[in-house]
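Numbering (this note's numbering), first residue to last: 16 to 211.
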């Protein structure tokens, strides 16, 4: 089984795509070597089940650092045909991803698979995670990105990476981001997914 995400940018006219597009490509590319960005603001990527939820929140952080946000539909399933471009591949993971994206109304993350119990759990937890991200400032989003990129680094090391004078700044920003709670939520959903 694989994971596929389908998403788009919730645009702000004041932010030039030349500024955020490289950040979007970098964010997706950190977790996937098979992705497409099309129509200027939509994207699709193939990921592993282990990293799909972390990647989803990381992509949100990358865009929130530019005062933008993303809507992402997550699908878990199979891939029956592997085309050079993910948008031309097909299988249940891609179908579920598209259906999850279509389900997005007021939420910015939706999850779909062949397992209704897993979907129910994830679609309670992931919208709460997404709601927490709406409180992030660009600085907080940058700190969260650094924490995801440098898993295992302590706050003093993150302060150096982020060129912040004090470790306490990192601590405060991660607290305001609810980073530890988000990590626990993502770990729980990932564990449930991998138990299938």
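C-beta atoms are modelled at their ideal positions from N, C-alpha and C, and glycine is treated no differently.
Computed from a predicted structure; not experimentally measured.
Specify the secondary structure class of residue i as computed by DSSP and reduced to three states.
i, result
"residue 96", "strand"
"residue 107", "helix"
"residue 19", "strand"
"residue 112", "helix"
"residue 57", "strand"
"residue 191", "helix"
"residue 120", "coil"
Just to confirm, are residue i and residue j a CB contact at a threshold of 8 Å?
i, j, result
"residue 197", "residue 34", "no"
"residue 108", "residue 88", "no"
"residue 20", "residue 60", "yes"
"residue 205", "residue 68", "yes"
"residue 145", "residue 122", "yes"
"residue 58", "residue 43", "yes"
"residue 86", "residue 18", "no"
Give the C-beta separation of residue i and residue j to the nearest angstrom, bearing in mind that I take them to be a contact with Cβ-Cβ under 8 Å.
i, j, result
"residue 176", "residue 161", "5 Å"
"residue 133", "residue 211", "7 Å"
Count the other C-beta atoms from every protein chain shown that fall within 10 angstroms of the C-beta of residue i, then say buried if there are 16 or more, exposed otherwise.
i, result
"residue 181", "exposed"
"residue 170", "buried"
"residue 139", "exposed"
"residue 111", "buried"
"residue 55", "exposed"
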